Structure formats: C-alpha cells, structure tokens
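K.L.:
The structure that follows is given in the form of structure tokens.
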Amino acid sequence: MNQPVNSADALDELKLQYEQAKTKKLNLNMSRGKPAPSQLDLSNGLLKTMDTYITADGTDARNYGIGDGIPECRKLFADLLGLQPQQIIMGGNSSLSMMFDTLASMCLFGTGGSTPWHYYRFQGTPVKFLCPAPGYDRHFRICQELGIGMIPVPLTSEGPDMEMVASLAKKDPLIKGIWCVPLHSNPEGICYSDQVVDQLASMETAADDFRIFWDNAYGIHHIYEKVELMNILEACERHHHPDRAYYFFSTSKITFPGAGLALIASNFSNVAEIKRHMSAQIISYDKINQLRHVQYFQTPENILSHMDRLAQELRPKFDLVLSKLENQFGGTGLASWSTPKGGYFISLYTPPGCAKRTVALAKEAGVTLTDAGATYPYGKDEADRNIRIAPSYPTLEELDAAMDIFILCIKIAALENK
Numbered sequence: 009m010n011q012p013v014n015s016a017d018a019l020d021e022l023k024l025q026y027e028q029a030k031t032k033k034l035n036l037n038m039s040r041g042k043p044a045p046s047q048l049d050l051s052n053g054l055l056k057t058m059d060t061y062i063t064a065d066g067t068d069a070r071n072y073g074i075g076d077g078i079p080e081c082r083k084l085f086a087d088l089l090g091l092q093p094q095q096i097i098m099g100g101n102s103s104l105s106m107m108f109d110t111l112a113s114m115c116l117f118g119t120g121g122s123t124p125w126h127y128y129r130f131q132g133t134p135v136k137f138l139c140p141a142p143g144y145d146r147h148f149r150i151c152q153e154l155g156i157g158m159i160p161v162p163l164t165s166e167g168p169d170m171e172m173v174a175s176l177a178k179k180d181p182l183i184k185g186i187w188c189v190p191l192h193s194n195p196e197g198i199c200y201s202d203q204v205v206d207q208l209a210s211m212e213t214a215a216d217d218f219r220i221f222w223d224n225a226y227g228i229h230h231i232y233e234k235v236e237l238m239n240i241l242e243a244c245e246r247h248h249h250p251d252r253a254y255y256f257f258s259t260s261k262i263t264f265p266g267a268g269l270a271l272i273a274s275n276f277s278n279v280a281e282i283k284r285h286m287s288a289q290i291i292s293y294d295k296i297n298q299l300r301h302v303q304y305f306q307t308p309e310n311i312l313s314h315m316d317r318l319a320q321e322l323r324p325k326f327d328l329v330l331s332k333l334e335n336q337f338g339g340t341g342l343a344s345w346s347t348p349k350g351g352y353f354i355s356l357y358t359p360p361g362c363a364k365r366t367v368a369l370a371k372e373a374g375v376t377l378t379d380a381g382a383t384y385p386y387g388k389d390e391a392d393r394n395i396r397i398a399p400s401y402p403t404l405e406e407l408d409a410a411m412d413i414f415i416l417c418i419k420i421a422a423l424e425n426k
C-alpha cells in the first residue's frame, strides 16, 4: 500500500538508501530517445547488397541528379503518410536539418514574397513562434539560434490550448508560426484531435505568412494503440490557407538514426519555393540510401509491420516504467505522469520546485536524465516540475535499476522541499 512520504525519519531512511545506491557506481543514460541496439538490429537488412542502382525512371542512383528525391521513394512515403508524391521533397537523414533550413530560409528570404523575417529583428522587433510546452527541446534551440522569440503555450489532452493560440495569432503580426508534434508528442504523448487540427488550419492570423511547422516525428510510432491524425495539408487547403503548413517526417526511429531518410512536404507553391532555394545549396541528397529503403521495405504495409516489431521491443520498457510509477506513487499525490499510446517518452511531474533537484540527485547516483526545464522554451520550467523519461535505450534490467534510483530521488527531493 502506498503511503505519502512526510517525515524527517523517512528522509533519513531515503538518504541512506540513496548512499547505498551510489556504491553500485551505475552509468545509465536516459537523456535522449535513442533506439536500443535490439531495435536497430531489426533494420540490418538495409545493410545487404542492393539489387540495382538504377531507379524507376532510369537514373543511376550513384550519380548526380533528382534533387527532390527518387520517384519511387517519394511515392512510398506519400502512400504511407497519405500525401501526394508531388508534395514531397526527400532530404538527407535529418528532418531537424530540414526544419532549420526552412526556418532559416524564412529569416533570409521570407516566403511567398513576404518580408524576410530577420528584417524585423534588425528593426528591434524580432518575430515570434508559439511553442506548445512541454515540447521538443531542439525545436526551441532552432528558434534561439535564429533569434526568434518564443511564447510558451500550454497543452491540453487534445493538443495546444487553441483558445490561446488563436487569440495570440490573431492580434500579433510578429507571431509567424507554431511548432507542432501532432502524434505521441515529445514528451507528453499527446495526439492532436481533429478539432485542433481543423482550428490550426482555419484560424485567422494577423501575419499573412504565418506557418505551421508540423513535425510528425512519431506519426507511425504506435505502442499501445493506433491513433489517426487529420491531414494538415488537406485541412489548410480546405480552409483557403494552402501555404500554411510544412510537414516533416523521418525514419530516424524507424531504421537507423543518422543513416535514414527525412522529408518535407507542403503544397505545390511552397515545394517550388523550397526547391528553388535547394538548387543553390545541393545537387541531390543520398539517392542510394533512398533506393536502399525502397528495395528493403517495398510497401507501406511492410513499414507498418516493421513498426509493429519495434513496438514489441518498446512495450515492455514502457510497461515497466508505468508499473513502477503506479506502484510507488499511485494515490500519493507525490507525482503525476503521462500514459502515452505511442512515441518515445513518458512525461513526469514532481511537486513544484523539485525537478532540477531530482535530476541532479539521479545524475550523482549514475542515472543521466534530460535536463530539467529542457522541455520548455529557454529551458525555463517556471514551476520546476517536468522531467522527460526516455525508456528506449537501456535494457530492461538497466531500466529497472534506473527507475528505482529515479523514484528514490523524487521522494528525497520532495521531502527536502517541504
């Protein structure tokens, strides 16, 4: 039976357990959502010799050409994601790189004939982005690097607080966009409802060049339950804002991080603009890797079957984390946490003022977690509560040991803060 921890004697006992845990000299890293070696092994077929280097249109994939990606690769991902091949540009291995390039292009050139966004920065009034939080720290890092202001927006169970989003976007022309991770979001595991997607596509904005950066990183990463997502590009078209959304996707957590495929998709005019800028930057991305993925997977159904196998690898780890949290904290009010249907993370909330101390204690005991506050713009979690748990990389045995220490650290931090 769970009992709230609330006495000086209990704190002394917990600290004794903590000192004993430190003697184990653990070195466990749960700071990022890295696939485990056993997950990577499921894609080793990609490393076998290719059948041919010639693409469907007769191009030698070993040579220059086809800057937007080989046709069969664009078709494979279009069929997988419910897009049109003509909407897709295949990139290298990193969707994050494509997000940075797209945002940097806005700053340098503007879009659709609009004023370059850095013009406002030089005038002393930099543009701003809406940032649902807690969210993906690397999205926030891009904004900081490019001098784009960030406005945190709270999340609901269906996506960002749309009353706040719509109100801010309608009245401030310097608000130029919003970051969205619409399925199994990092770290909350939230899936955007049809109503939220429709509101994002239809809402009135003061900035004509307002853009949605739609990072569908976990679009097919279902662990417990498959969730459908409204097509953002179709919704924007339907509401007469065809240029509004940029859709990003990658295979980083499907095949090999750093050696997979990434893409950007948008309406035809945005795609033409992106290709124009790309033509000054690169002749073509890695067509051999594109062809390798096509030859290996062949169909969207095979990719989804592969994702089922990945889910089987991840599910026991998520089960373990969720079970331990419930066993130790259920009914105590000492912590709350997300119960995601997929993705790569579990989001935990300590009592106010305890997240940084918890993370520091865990690190001293040999368990590295994501920095407290990293999931908020500028690294500022005003309540100092949120901690992102990334269960994917450790073995079950390592994860079990890491969670015991993590739970111990939460209890210590909470009692110290009383």
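Quick note: the sequence shown uses the numbering used here, first residue 9, plus one each step.
Glycine included, C-beta positions come from ideal geometry on N, C-alpha and C.
Please read all numbers here as calculations on a predicted model, not as lab measurements.
Report yes if the CB atom of His192 is closer than 9 Å to the CB atom of Tyr144, and no otherwise.
P.N.:
In this structure, His192 sits away from Tyr144, with a CB-CB distance that is not shorter than 9 Å.
K.L.:
Rank Lys56, Asp180, Asn239 and Ser210 by C-alpha distance to the C-alpha of His248 and give the top, closest one.
P.N.:
Ser210
K.L.:
Could you give the DSSP three-state label for Cys81: helix, strand or coil?
P.N.:
helix
K.L.:
Just verifying my parser: in three-state terms, what is the DSSP assignment at Met9?
P.N.:
Per-residue confidence for Met9 stands at a pLDDT of 39, beneath the threshold of 50, marking its modelled position as unreliable; the derived number appears in the next sentence. Met9 falls in the coil class under three-state DSSP.
K.L.:
Express the C-alpha separation of Thr263 and Leu48 in angstroms, rounding to a whole number.
P.N.:
So the two alpha carbons sit approximately 7 Å from each other.
K.L.:
The alpha helix (DSSP H) spanning Phe148 covers which residue range?
P.N.:
Asp145 to Leu154
K.L.:
Look up Val161 in the DSSP assignment and say whether it is helix, strand or coil.
P.N.:
strand
K.L.:
Can you grab the Cα-Cα spacing for the pair Pro168 / Tyr72, in whole Å?
P.N.:
43 Å
K.L.:
I want to see whether chain B comes within less than 9 Å of Leu237, judged by CB atoms only; does it?
P.N.:
Protein chains in the displayed structure number just one, and chain B is not present.
K.L.:
Pick out the complete alpha helix (DSSP H) segments inside the region 296 to 340, 4 residues or longer, and give them in chain order.
P.N.:
At a cut-off of 4 residues, the continuous stretches assigned as alpha helix (DSSP H) that sit fully inside the region 296 to 340 are 308 to 337.
K.L.:
Taking the C-alpha atoms as reference points, what is the distance between Gly41 and Cys115?
P.N.:
30 Å
K.L.:
Going along the chain, which residues of its own chain have a beta-carbon closer than 8 Å to the beta-carbon of Thr133, five neighbours each way excluded?
P.N.:
Leu182
K.L.:
Please report the straight-line C-alpha distance between Ala44 and Lys371, rounded to a whole angstrom.
P.N.:
The C-alpha of Ala44 lies about 21 Å from the C-alpha of Lys371.
K.L.:
Would Ile460 be called buried (16 or more neighbouring beta carbons within 10 Å of its own) or exposed?
P.N.:
The requested residue 460 is not part of the displayed model; the chain covers only 9 to 426.
K.L.:
Tell me the rounded alpha-carbon separation between Thr383 and Gly66.
P.N.:
Just so you know, the alpha carbons of Thr383 and Gly66 end up roughly 46 Å apart.
K.L.:
Report yes if the CB atom of Ile296 is closer than 9 Å to the CB atom of Met98, and no otherwise.
P.N.:
Result no, Cβ atoms of Ile296 and Met98 do not sit closer than 9 Å.
K.L.:
Could you check where the beta strand (DSSP E) with Met38 kicks off and where it finishes?
P.N.:
Leu36 to Met38
K.L.:
Should Leu322 and Pro399 be called a contact, given that it needs their Cβ atoms to be closer than 9 Å?
P.N.:
yes
K.L.:
Would you identify the three-state DSSP class for Asn278, choosing helix, strand or coil?
P.N.:
helix
K.L.:
Relative to the C-alpha of Glu233, which candidate in Glu212, Ala319 and Pro190 has its C-alpha closest?
P.N.:
The residue with the shortest Cα to Cα distance from Glu233 is Ala319.
K.L.:
Along the alpha helix (DSSP H) that carries Lys179, what are the first and last residues, could you check?
P.N.:
That run of the alpha helix (DSSP H) goes Met170 to Lys179.
K.L.:
Any idea if Gln131 is buried or exposed, counting beta-carbon neighbours within 10 angstroms, 16 or more meaning buried?
P.N.:
exposed
K.L.:
Which residues does DSSP pair with His230 in a beta bridge?
P.N.:
Gly350
K.L.:
How many angstroms separate the CA atom of Pro324 from the CA atom of Asn37?
P.N.:
Each residue's Cα considered, the two are about 18 Å apart.
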